[in-house]
Amino acid sequence: MHLQMMMNLMAGLSIVLGALLALGLLLLLLLHLTRAVDNRRVQKMREQLLSLISGAAQSKIMKNHIYEMVNPGGKLDRLSDIKGIRSARGLIVMAETAEELSGAAFEKLQKEAGGEWYGEYIRKLFDGVDEETIALAVKLIGALQLTNYTPDVVTQIYCCRTTAQMQHVGMLTLCMLGAERDIVALCRDHTIASLLSFRTLEEIFSVYNGDLKRLCRKLITSASDPYIRRTCIKTIGEKRYEDLGDLVLPHLIHGHINTRIDAARTLGQIHFDMAHPYILKNAEDARWEMRAVVATALGAFDIATDEETLLQLLCDREWWVRYRAAESLAQTNDPVRMMERAEQTGDRFALEMMRFALERRQLMRGEAV
């Protein structure tokens, strides 16, 4: 009986040991697989890092070679001497380098990029379908002001009319080229819906290399996109194109609320007297943004005439409206009387804002508070 028990115990122990052995083998297998996965992941990360380092190194080498080419006494004389320059990386490096160059060095790179050898590569890109690389070529055309490619840039904008990136890069390039006729034609074309934001259009127009006032005069009433018209309105104010006020005024009277706000701001900036009654009328607008702009715009006219309206805005429920009204009222020649007027409103917030605006104005003038 004892022998039977011993045999049963040994059999049970064998089963346990077998299970432990199987579990150990399974753990070893899992560890091996995990290491293999980790090794592949690490290897992939290493490859990506090496590729990045290699790409950065190639870009640096290209840039150094471009500088050798454009500087007198360099070992290189032509773009064709630079390995890999006819590539996406080459387009990027050339555009970046163009921003760093000026004078004879810029002209040398401009001449080489606009020459037959590199032109063959650009034309080949334009005949292809790789929009990313085409966009890089268009950007290079703007950076180097290669005006002979202006028609090609326009064509790409039309071909990729549903692509925001191409529209952005294309319009930016046309502005850098000062291509007024093409810009006006594109902005008036109702078949091309603008995919660009108001802020992006502002940035694009800020680099226009031509008569910006004339461009605004042409587009403020005829551009198919309201954002472009708003860009013109804002530019007129920022550049102080006072003789274009009569083109802005209709937008204050009949425009969309955002356009009206821009128009009110601009008409104040250029001190357009005919707009005064229309600006004043908007002092009670439901939108606080409009009331804030009106408070600033009225400061461009006669403070004494608009004092009551500005005091009313000084008591507005919105902080920004009170702040802008206080800024305008602080231009007074009699700050003591203005503080008394603010106190008479019975609004302690208006009084605090008026005091702050007057003290700030004194500090800006270098006067003791």
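Here the sequence shown is numbered in this note's numbering, starting from 4 and rising by one per residue. We put the beta carbon where it would ideally sit given N, CA and C, even for glycine. What you are looking at is a predicted structure, and each value in this text was computed from that prediction instead of being measured.
- Between the segment 178–191 and the segment 149–161 there are three or more inter-stretch CB-CB distances shorter than 8 Å, so the stretches are counted as touching.
- Residue state for residue 328 is assigned as helix, using DSSP reduced to three classes.
- Only residues of its own chain outside the window of five on either side were considered, and among them 141, 142, 144, 145, 156 have a CB closer than 8 Å to the CB of residue 176, listed in chain order.
- According to the DSSP assignment, residue 209 belongs to the alpha helix (DSSP H) that extends over 201–209.
- In the assembly as shown, residue 119 is an exposed residue. Its beta-carbon has fewer than 16 other beta-carbons within 10 Å.
- Nearest Cα to residue 323 within the set 347, 296, 226: 296.
- Inside the segment 119–178, DSSP marks no whole beta strand (DSSP E) run of 3 or more residues.
- A direct Cα-Cα distance of roughly 23 Å separates residue 124 from residue 166.
- In the three-state reduction of the DSSP assignment, residue 320 falls in the coil class, being assigned neither a helical nor a strand state.
- Remark: C-beta atoms of residue 252 and residue 277 approach each other more closely than 8 Å.
- No Cβ-Cβ contact shorter than 8 Å links residue 236 with residue 203.
- Put simply, of 95, 65, 300 the residue whose alpha carbon is nearest the alpha carbon of residue 86 is 65.
- Nearest in C-alpha terms to residue 308, of all of 212, 280, 317, is 280.
- Distance between residue 195 and residue 214, taken at the CA atoms: about 24 Å.
- Proximity to residue 274 across 301, 256, 255 peaks at 301, based on C-alpha coordinates.
- Around the beta carbon of residue 102, fewer than 16 other beta carbons lie within 10 angstroms, which makes this residue exposed.
- DSSP, read as helix, strand or coil, puts residue 94 in helix.
- Taking 8 Å as the upper bound for CB-CB distance, residue 345 and residue 353 are in contact here, some 6 Å apart.
- No Cβ-Cβ contact shorter than 8 Å links residue 247 with residue 290.
- Between residue 230 and residue 209, the beta carbon gap of about 14 Å keeps them out of contact (Cβ cut-off 8 Å).
- In its chain, beyond the 5 residues on either side, 360 have a beta carbon closer than 6 Å to the beta carbon of residue 330.
- Taking the CA atoms as reference points, residue 115 sits about 24 Å from residue 211.
- Secondary structure at residue 104: coil, using DSSP grouped into helix, strand and coil.
- For residue 362, the closest C-alpha among the options 351, 299, 164, 341 is that of 341.
- Distance from residue 136 to residue 128 at the Cβ level is roughly 6 Å; contact confirmed, criterion being Cβ atoms closer than 8 Å.
- In this structure, DSSP gives residue 81 a state outside helix and strand, which the three-state scheme calls coil.
- Rounded to whole angstroms, the separation of the alpha carbons of residue 325 and residue 305 is 19 Å.
- Between residue 328 and residue 364, the gap from beta carbon to beta carbon reaches 8 Å or more.
- Residue 303 is a Cβ neighbour of residue 272, given a cutoff of 8 Å.
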